Structures are given as structure tokens and as C-alpha cells.
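All remarks here apply to the structure that follows.
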Amino acid sequence: TIGYDTIYAHQDKEDDALIGVRSTARLFGARTKSILTLFYAGATVLFTAAFMFAGAGILAFVGLTLGALHLVWQTRQLDINDPDNCLKLFRSNRDYGWIIFTGLVADGLLRSTLGF
2 TIGYDTIYAH
12 QDKEDDALIG
22 VRSTARLFGA
32 RTKSILTLFY
42 AGATVLFTAA
52 FMFAGAGILA
62 FVGLTLGALH
72 LVWQTRQLDI
82 NDPDNCLKLF
92 RSNRDYGWII
102 FTGLVADGLL
112 RSTLGF
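This is the structure we're talking about:
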């Protein structure tokens with residue numbers, strides 16, 4: 002949640018500064034891309050561990066890999082000084098969720114169909 006909340010907060014960081022709102026957008030500033038990369042990498046490692054401990058199959062990991070690539074794309078596309086770009090990328094987090102979900106569902110269907 003830190004990633005998408007920070008991206009969203011960059012849309013109105015000037016207004017936040019005027020009224021004294023503290024946000025991760027203001028805290029991270031120009032370092033936002035680097036910090037989001039660390040958070041996204043950490044989340045991906047934790048998801049990987051959770052999938053391994055849960056005994057997830059190959060399609061779940063394919064979904065996770067595609068989701069991680071989506072986060073890489075998102076971070077590379079981010080322009081913290083363009084509110085329209087920030088809104089577009091904030092909304093793209095829905096796609097990340099669908100990618101992970103689809104991988105898990107596909108894995109479950111494959112396992113139930115093949116019986117393992």
C-alpha cells in the first residue's frame with residue numbers, strides 16, 4: 002500500500018505542503034522511485050515466500066513474475082511531477098492485483114483439473 006499511496010499522494014503534494022499534511026510523497030521526494038523499488042522488491046520477496054510456504058504451483062509463480070514486471074514498468078514510467086501520470090499509475094495497481102489473482106486462480110484450476 003505504500004507504493005500506490007505514495008504515487009497517489011504525488012498528485013497534490015503542493016497542496017499538502019501548503020496545509021501542512023505529511024505524506025510519503027513529501028517525505029520521499031526525489032528519492033521516490035528508488036524507495037518504491039525497494040518496497041516493491043520487498044513485497045515481491047515476501048509474496049514469493051508466502052507462495053512457497055503455501056505450496057503454490059508454477060502458474061501462481063508465473064502470475065507473480067508478471068506482477069513484478071508490472072511493478073518494474075510502473076516505477077520506470079513514474080513521473081512524480083506529472084499528476085496525470087501519477088493518477089494513471091495509481092490506477093494501474095488494479096491491474097497488478099488482477100495479474101496476481103489470475104495466476105493464483107489459473108494455478109488452482111490446473112491443479113484441480115490435473116488432480117495434483
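In this text, residue positions in the sequence shown follow this note's numbering: the first is 2, and each later residue adds one.
Heads up, the beta-carbon is just placed ideally off N, CA and C, and yes, glycines get one too.
On a predicted model such as this, the values are computed, not experimentally measured, just so you know.
Selection from the options that minimises the alpha carbon distance to residue i
i: A57; options: G4, S113, G109; result: G109
i: F91; options: T103, A26, V22; result: A26
i: K14; options: P84, V46, M53; result: P84
i: S93; options: G21, T76, S24, A107; result: T76
i: L39; options: I3, T114, Y9; result: I3
i: A69; options: D80, A55, T49; result: T49
i: A31; options: F102, L79, G98; result: L79
i: D6; options: G21, S113, A107, Y41; result: Y41
Nearest-angstrom Cβ-Cβ length linking residue i and residue j, presumed shorter than 8 Å
i: I100; j: L60; result: Between L60 and I100 the Cβ distance is about 12 Å, and since that is not below 8 Å, they are no contact.
i: G104; j: V73; result: Not really, about 16 Å apart at Cβ, beyond 8 Å.
i: F52; j: L37; result: Incorrect: roughly 22 Å between the Cβ atoms, too far for contact.
Contact check, residue i vs residue j, beta carbons under 8 Å
i: I8; j: C87; result: yes
i: S24; j: A44; result: no
i: I81; j: T114; result: no
#### Entry: Contiguous beta strand (DSSP E) assignments of at least 3 residues, all confined to the region 64 to 92
none
### Message
Which complete alpha helix (DSSP H) runs does the region 6 to 41 hold, if anything under 4 residues is left out?
### Response
14 to 20, 25 to 29
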